[in-house]
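Participant:
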C-alpha cells in the first residue's frame with residue numbers, strides 16, 4: 001500500500017460543551033474543583049480550571065456562532081427543546097494543544113457533567129452535535145473510547161445523487177483531525193459505510209495520539225494514502241476490541257484517502273474514504289465543495305458488498321435447544 005497522505009496538525013484544539021438548566025441560581029465559581037472528585041481525571045480537570053485552559057461561564061447572550069451550533073444539534077424535538085429552551089446555559093470550553101487529547105476533552109466533559117448534576121441540567125456536546133444521555137448525565141468514566149459519545153456518525157442524502165447517501169463524522173476535529181466522510185453510498189450499504197467510517201476514525205485517532213505521544217510537534221504529518229480497515233478496528237472504536245492493532249487483522253477492506261467538502265465549522269475539508277474501485281476524477285476536486293463524485297459503477301457497488309462482509313456482522317440470537 002504505497003503513497004502518503006498529508007495532514008495538517010493544528011496548534012490548538014477546542015472542546016465545547018453546554019449545560020442547559022431550568023435552575024434560577026447557579027453554583028459559585030469555586031464550586032467545581034471540590035465537586036469533581038479526586039480521581040486522576042478530576043485532578044486533570046482541576047489543573048485545567050486553575051490554568052484557565054478549561055473555562056466555565058454562564059451564557060448571558062448567545063453569540064451567532066453559538067446559535068449556529070445550537071441548530072446543528074441532532075436530537076428528538078423534545079430533547080432538543082430541553083436544551084434550546086432552557087432558562088440558563090453555561091458554556092464549558094477547553095482549549096489546548098492536540099497532544100493533551102483525549103484527556104483534556106474527558107476532563108472538560110467531567111466538569112460539564114458535574115455541573116449538570118448540581119443544577120439538574122442537561123449536557124449538549126457542541127462538537128459531536130449530540131445531547132448526552134441522562135438528565136443529569138452519568139459520571140464520566142476514566143477509560144476513553146471514541147464510541148462513548150465522542151464522535152457521532154450521521155447519514156444524510158447525497159446532494160449530488162438522490163439515490164445515494166453520504167456518511168459523515170462529527171466530533172473528530174477536537175482531536176486535531178479533519179472529519180471523515182464516505183460519499184455516493186447505496187442505501188443498501190449505509191450500515192457498512194458507517195462502520196467503515198468508524199473503523200477508519202479509530203485508526204486515525206490512535207495513530208495521531210501515538211505520533212504526538214512520541215514528542216512530535218510538527219504542523220504536518222503524513223499517513224498511509226491507502227490502508228486496510230478491519231472489523232476489529234470498528235470494535236476498537238466502541239472500546240470492545242483489543243487496544244493495539246496487530247498486523248494482519250482479518251476481515252478487512254482496503255480504502256484510499258482523499259479530500260471532500262464538509263459543513264463542519266471547524267474544518268476546511270473532510271477526509272474522504274474512497275473505494276479503490278472508483279475511477280479517478282479528471283481533475284483534483286475543490287476541497288471546499290460538497291459536489292458529488294462521478295456516478296458509481298458496478299465495480300464500486302460490488303466493493304461495498306465486499307465491505308459489508310468484512311465489517312462486524314449482526315448475528316441473530318441462537319435458538320434455545322429443544323426441551
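In full-length UniProt numbering, the protein residues as written are 1 to 323. No residue lacks a Cβ here, since even glycine has one placed at the ideal position from N, Cα and C. No experiment lies behind these values; they were computed from the predicted model shown.
#1: Please name the residue in 70, 41, 59, 83 whose C-alpha comes closest to that of residue 108.
#2: Could you check the C-alpha separation between residue 200 and residue 45 for me, to the nearest Å?
#3: By the DSSP assignment, the beta strand (DSSP E) with residue 183 in it spans what residues?
#4: Could you tell me if residue 63 is buried or exposed, where buried requires 16 or more neighbouring beta carbons within 10 angstroms of its beta carbon?
#5: Enumerate in chain order the residues of its own chain whose CB-to-CB distance from residue 203 is below 8 Å, with the five nearest sequence positions on each side excluded.
#6: Please report the distance separating the alpha-carbon of residue 343 from that of residue 310.
#7: Roughly how many angstroms separate the alpha carbons of residue 48 and residue 85, rounded to a whole number?
#8: If contacts are defined as beta-carbon pairs under 8 Å, then residue 157 and residue 94 qualify, I think. What distance do you get, rounded to the angstrom?
#9: Please state whether DSSP places residue 309 in a helix, a strand or coil.
#10: Measure the C-alpha to C-alpha separation of residue 178 and residue 271 and round it to an integer number of angstroms.
#11: Do you know whose CA, among 139, 238, 104, lies nearest residue 176's CA?
#12: So which of 264, 253, 220, 11 has the shortest CA-CA distance to residue 98?
#13: Helix, strand or coil, according to DSSP, for residue 150 in the structure here?
#14: According to DSSP, which residues form a beta bridge with residue 165?
#15: Work out the CA separation of residue 33 and residue 260 for me, nearest whole Å.
#16: Contact defined as beta carbons within less than 8 Å: I believe residue 219 pairs with residue 8. What is the distance between those atoms, to the nearest angstrom?
#17: Report the option in 205, 111, 119, 152 whose CA atom is closest to the CA atom of residue 22.
#18: Among the candidates 74, 186, 253, 187, whose CA atom is the shortest distance from the CA of residue 198?
#19: Counting C-beta neighbours from all protein chains within 10 Å, is the total for residue 77 16 or more, i.e. buried, or is it exposed?
#20: So, for residue 237: in the same chain, excluding its five sequence neighbours on each side, which residues have a beta-carbon less than 7 Å away from its beta-carbon?
#21: Give a yes or no on whether the C-beta atoms belonging to residue 128 and residue 149 are separated by under 8 Å.
#22: Would you please state the rounded distance, in angstroms, between the beta carbons of residue 13 and residue 101? I believe it to be under 8 Å.
#23: Only counting runs of 4 or more residues, tell me where the alpha helix (DSSP H) segments fall wholly within the segment 54 to 88, in order along the chain.
#24: Nearest CA to the CA of residue 164: which residue from 15, 20, 301?
#25: Would residue 307 pass as a contact of residue 192 if the rule is Cβ separation under 8 Å?
#26: Say whether chain D places a C-beta atom closer than 8 Å to the C-beta of residue 87.
#27: On the DSSP bridge assignment, give the partners of residue 5 in chain order.
#28: Measure the alpha-carbon distance for residue 305 versus residue 187 and round it to whole angstroms.
#29: Here's the rule I'm using: 16 or more other beta-carbon atoms within 10 Å means buried, otherwise exposed. How should residue 121 be labelled?
#30: With distances taken between CB atoms, is the gap from residue 81 to residue 225 smaller than 8 Å?
#31: How many Å lie between residue 213 and residue 138 at the Cα?
#32: Counting along the chain, where does the beta strand (DSSP E) carrying residue 43 start and finish?
#33: With which residues is residue 93 paired in a DSSP beta bridge?
#34: Helix, strand or coil for residue 202 per DSSP?
#35: Is the beta carbon of residue 130 less than 8 Å from the beta carbon of residue 74?
Facilitator: Straight from the coordinates:
#1: Distances from the alpha-carbon of residue 108 to those of 70, 41, 59, 83 put 41 closest.
#2: Spanning the two alpha carbons is a distance of roughly 29 Å.
#3: DSSP places residue 183 in the uninterrupted beta strand (DSSP E) bounded by 180 to 186.
#4: Residue 63 comes out exposed.
#5: Hits under 8 Å: 227, 229, 233, 245.
#6: Since the displayed the chain opens at 1 and closes at 323, residue 343 lies outside it and no answer follows.
#7: Roughly 30 Å separates the two Cα atoms.
#8: Contact doesn't hold; Cβ gap of about 34 Å is too wide.
#9: Residue 309: helix per DSSP, three-state reduction.
#10: Rounded to whole angstroms, residue 178 to residue 271 spans 6 Å at the Cα level.
#11: It is 104.
#12: Minimum Cα distance to residue 98 is reached at 11.
#13: Looking at residue 150 - three-state DSSP - the assignment turns out to be coil, as it is neither helix nor strand.
#14: In the DSSP output, where bridge partners are listed per residue, residue 165 has 157, 185.
#15: Each residue's Cα considered, the two are about 42 Å apart.
#16: Rounded to the nearest angstrom, the Cβ distance from residue 219 to residue 8 is 7 Å, consistent with a contact under 8 Å.
#17: Cα-wise, what sits closest to residue 22 is 119.
#18: Distance check between residue 198 and each of 74, 186, 253, 187 places 253 closest, using alpha-carbon atoms only.
#19: Flag for residue 77 reads exposed.
#20: Cβ contact annotation for residue 237 (same chain, cutoff 7 Å, sequence separation greater than five): 146, 147, 198, 199, 201, 202, in chain order.
#21: Cβ distance < 8 Å, so residue 128 and residue 149 count as in contact.
#22: About 7 Å separates the CB atoms of residue 13 and residue 101; that is less than 8 Å, so the two are in contact.
#23: The segment 54 to 88 contains these whole alpha helix (DSSP H) runs: 64 to 72, 77 to 84.
#24: Selection 15, 20, 301 evaluated against residue 164 yields 301 as nearest (Cα-Cα).
#25: Taking a C-beta distance under 8 Å as the contact criterion, residue 307 and residue 192 qualify as a contact pair.
#26: Here chain D cannot be found, since the structure has a single protein chain.
#27: Note: residue 5 sits in a beta bridge opposite 223.
#28: So the two alpha carbons sit approximately 12 Å from each other.
#29: Under this definition residue 121 is a buried residue.
#30: Their beta carbons are not under 8 Å apart, which means residue 81 does not touch residue 225 by this criterion.
#31: Between the C-alpha atoms of residue 213 and residue 138 there is a straight-line separation of about 30 Å.
#32: For residue 43, there is no enclosing beta strand (DSSP E); the enclosing alpha helix (DSSP H) has its first and last residue at 40 to 51.
#33: Among the bridge pairs identified by DSSP, residue 93 is matched with 16, 55.
#34: DSSP, reduced to helix, strand and coil, places residue 202 within a helical segment of the structure shown.
#35: Cβ atoms of residue 130 and residue 74: closer than 8 Å.
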